[in-house]
Amino acid sequence: AQKVTQAQTEISVVEKEDVTLDCVYETRDTTYYLFWYKQPPSGELVFLIRRNSFDEQNEISGRYSWNFQKSTSSFNFTITASQVVDSAVYFCALSGGSGGYQKVTFGTGTKLQVIP
Amino acid sequence: KAGVTQTPRYLIKTRGQQVTLSCSPISGHRSVSWYQQTPGQGLQFLFEYFSETQRNKGNFPGRFSGRQFSNSRSEMNVSTLELGDSALYLCASSREPTGYQSTEAFFGQGTRLTVV
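Protein chains in written order, with the numbering used here: chain A, 1 to 116; chain B, 1001 to 1116.
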């Protein structure tokens, strides 16, 4: 069974602060994918990043960075110098399965509020 | 390029009725996945269709069904509606099925279903 845990329900930061959103996952699959999505108030999920289980390189994209550590089954997301536009709910997700059949499991989301 | 279109955006139904939701994927995308989002259960995977075939199904009762047409448009049907079916139903489209290395999913804005 797959499980994704986002222990932080809500986080508030002041603009320009750095913030890290935690994601811990459980899976028995050896091949799997991890994702982060942003859900602004408008409702649609916006894809941020996908990582496969064989690629533990950290990634940086502008103010966003991701730290993937298989040893601790974590895939944390850091926003540097947060901005008000970063306010949203962020979901971590896991896609795994065998025989070409993949199921996607989402975490419960972390609501980030950036205060001006 | 047009994004994922979900219709209708809002829907109010009475308990016991049935409802059909529609999702038009991005042109060229052959995979459509459906998700239910509720405050209590979070984001849950319903099913995925690829080339008119259901590839995977989440843990939902048989009242939830779907199909995909030859033009990749997908419909989701919920019969005998219950109050607990009130949720935001999100659809995502991608070129290939979930989990394929090159797959990035794009989400629609969702259909907010209220069962009264």
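We put the beta carbon where it would ideally sit given N, CA and C, even for glycine.
Tell me, please, whether the CB atom of E1096 of chain B is closer than 8 angstroms to any CB atom in chain A? no
Nearest-angstrom Cα distance between S1102 of chain B and T9 of chain A? For S1102 of chain B, the predicted model reports a pLDDT of 49, less than 50, meaning its position is unreliable; a value from the coordinates is still stated below. The straight-line gap from Cα to Cα measures roughly 31 angstroms.
Can you grab the Cα-Cα spacing for the pair G1040 of chain B / R1055 of chain B, in whole Å? 26 angstroms
Let me check understanding here. Comparing Cα to Cα, which of B:T1014, B:V1032, B:V1019, B:T1020 lies closest to G1003 of chain B? B:V1032
In terms of DSSP beta bridges, what is T9 of chain A paired with? Answer is none; T9 of chain A lacks a bridge partner.
Leaving out five residues before and five after N1077 of chain B in sequence, what residues of the same chain have Cβ atoms less than 6 angstroms from its Cβ? T1020, S1065
I need the DSSP call for T1038 of chain B, collapsed to helix, strand or coil. strand
Considering I1012 of chain B, what are the terminal residues of the beta strand (DSSP E) in which it resides? 1010–1013
For N67 of chain A, the residue or residues it bridges with in DSSP: A:N76
For Q1036 of chain B, which of A:W36, A:V84, A:N58, A:G43 has the nearest alpha-carbon? A:G43
Over what stretch of residues does the beta strand (DSSP E) that includes F91 of chain A continue unbroken? 88–96
Which term fits Q39 of chain A, buried or exposed, when burial requires 16 or more other beta carbons within 10 angstroms of its beta carbon? buried
With a threshold of 8 angstroms between beta-carbons, can S87 of chain A be considered close to chain B, or not? no
Where do the N-terminal and C-terminal ends of the beta strand (DSSP E) with E1082 of chain B fall, by residue? No beta strand (DSSP E) contains E1082 of chain B, which DSSP labels as neither H nor E.
Between A1105 of chain B and chain A, is there a C-beta pair that is closer than 8 angstroms? yes
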